[in-house]
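Here the structure is laid out as structure tokens; the discussion comes afterwards.
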Amino acid sequence: MHPSPTAILIFALSSKEEVTQKSISKGAHLFQALTNTTVNKVQKTGLPYFLISENEQRGTDFGERFTNAIKSVFDLGYTNIITIGNDTPQLKTTHLLKAAKMLSVGKTTLGPSIDGGFYLLGMQKATFNVAEFQKLPWQKESLLHSISNLLSEKLCNLHFLPKFFDIDSLLDIENILSSKAVISSYLIKILLTLLHIQQRALDTITFVFHNATAHIPNNKGSPSTSLAQLQ
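In our numbering, the protein residues as written are 8 to 238.
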């Protein structure tokens, strides 16, 4: 019997794999920082946790890999689980402790993401069904709505955490910074640096394109007229 009935599952890809999956070039340092800060927040709860990356994930699609990871933690004997990713910088240790407290009184917890998914799910083993969860519209905008309905049908008493951003693109980074979301100064610095690098790359491409096209003579005639002039 485990000292704690609740374990935390961090379901996240390695920084190298994140860069290939998400449209953020040169983002490896960011994703590694996100994983490190997430693990640090989890460790502060004092709860047992498992970090499952692509090296341990099993399945042909996201839904299978995620549900199999949840099942693997429950198979270890835990009766409650709190699942999170590594891409929600607004997540704090207090949110994890709140989810654990809700589970201790029989409540299921969801942390909704602004994009229609969720960044945290806290549930009991009795609620979990592999086949049902694999059928959910994973990585779709309707995910939060669908899983909320499924949990309601199971008569779960739902508790919702605040709605937060997760990071899948440069636009998400811009939105987080412009919204003045409460995140660590360490991550803010990394996000600003990454945006600066991306802007410099865009400026370089624009400059090269402008100079390349500046020497192309304008064709003021129609294609047929130009062809006639050449004959």
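Positions of the beta carbon are idealized from the N, C-alpha and C atoms, including for glycine. Since the structure is predicted, the reported quantities are computational estimates derived from the model, not experimental observations.
Under 9 Å between C-beta atoms of residue i and residue j
i, j, result
"Lys114", "Asn164", "yes"
"Leu184", "Leu198", "yes"
"Ser22", "Phe38", "yes"
"Ile174", "Asp94", "yes"
"Asn87", "Thr13", "yes"
"Leu168", "Thr100", "no"
"Gly118", "Ile91", "yes"
"Thr134", "Leu103", "no"
"Leu162", "Pro96", "no"
"Val46", "Ile77", "no"
"Leu110", "Met130", "yes"
Proximal residues to residue i (C-beta, below 6 Å), its chain only, five neighbours per side dropped
i, result
"Ser32", "none"
"Ile15", "Val49, Leu54, Tyr56 and Ile89"
"Val26", "Gly34 and Ala35"
"Leu201", "Leu37"
Residues bridged to residue i [DSSP beta-bridge criterion]
i, result
"Leu119", "Position check: residue 119 holds Pro in this sequence, whereas Leu was assumed. Answer is Phe125."
"His166", "Thr116"
"Leu16", "Phe57 and Thr90"
"Met130", "Ile88"
"Ser176", "Ser30"
"Phe2", "Any question about residue 2 goes unanswered here, given that the chain covers just 8 to 238."
Contacts around residue i, its chain only, beta-carbon distance under 8 Å, and the 5 residues preceding and following it disregarded
i, result
"Trp145", "Asp68, Phe69, Gly70 and Phe73"
"Ser155", "Leu117 and Leu165"
Cβ separation of residue i and residue j, assumed to be a contact under 8 Å, to the nearest whole Å
i, j, result
"Leu127", "Lys48", "Wrong, their Cβ atoms sit about 11 Å apart, outside the cutoff."
"Leu58", "Ala19", "7 Å"
"Gly66", "His9", "Rounded, the Cβ-Cβ distance is 25 Å, inconsistent with contact."
"Ile121", "Lys170", "6 Å"
Residues of its chain near residue i, where Cβ-Cβ distance is below 7 Å and the 5 sequence neighbours each way are ignored
i, result
"Gln141", "Gly70, Glu71 and Thr74"
"Lys29", "Asp175 and Ser176"
"Val80", "Ala14, Leu16, Phe57 and Ile88"
"Ile204", "Lys33"
"Ser149", "Gly123"
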